[in-house]
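Numbering (my numbering), first residue to last: 209 to 274. Notes follow the structure.
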Amino acid sequence: GINWYMNECKNKNFVLSKVDVKRLREAYDNYNISIYYLNDEVKNLMNCENLSKEDAIEKIFKIIYL
Numbered sequence: 209g210i211n212w213y214m215n216e217c218k219n220k221n222f223v224l225s226k227v228d229v230k231r232l233r234e235a236y237d238n239y240n241i242s243i244y245y246l247n248d249e250v251k252n253l254m255n256c257e258n259l260s261k262e263d264a265i266e267k268i269f270k271i272i273y274l
């Protein structure tokens with residue numbers, strides 16, 4: 209539930225909110241995709257391309273919807 213999610217966010221240096229995860233899962237059309245995978249994808253874009261979280265998420269959306 210939400211308590212587990214919030215604990216994981218604190219413990220794993222998560223950048224994604226619950227809403228971000230929901231939006232990304234909808235974009236991937238995969239509701240079982242790991243929150244760890246999604247978080248790592250966004251964090252990698254933020255770090256490697258010096259993007260904000262919002263810009264990293266938007267970049268993922270652009271790639272998915274090409």
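Every residue, glycine too, gets a C-beta built ideally from N, C-alpha and C. Small disclaimer: the values here were computed from a predicted structure and weren't measured.
(message) Which residue marks the beginning of the alpha helix (DSSP H) containing Ile268, and which one marks its end?
(response) Looking up residue 268 in the sequence shown gives position 60. Per DSSP, Ile268 belongs to the alpha helix (DSSP H) from Lys261 to Ile272.
(request) Determine the closest residue to Leu253 out of Glu234, Lys230, Ile271 and Val227, with distance taken between C-alpha atoms. (result) Here the question's residue 253 lines up with position 45 in the sequence shown. Ranking the options by Cα distance to Leu253, first place goes to Ile271.
(message) Could you give the first and the last residue of the continuous alpha helix (DSSP H) run that contains Leu253?
(response) Stepping through the sequence shown from its first residue, residue 253 is reached at position 45. Its alpha helix (DSSP H) spans residues Ile243 to Glu257.
(message) Between the alpha carbons of Ala264 and Asn255, how many angstroms are there, rounded?
(response) Counting from 1 along the sequence shown, the entry for residue 264 is found at position 56. Counting from 1 along the sequence shown, the entry for residue 255 is found at position 47. So the two alpha carbons sit approximately 10 angstroms from each other.
(message) Please identify the residue among Ser242, Asp237 and Phe222 whose C-alpha is closest to the C-alpha of Tyr273.
(response) Along the sequence shown, one-based indexing puts residue 273 at 65. Among Ser242, Asp237 and Phe222, the Cα nearest to that of Tyr273 is on Asp237.
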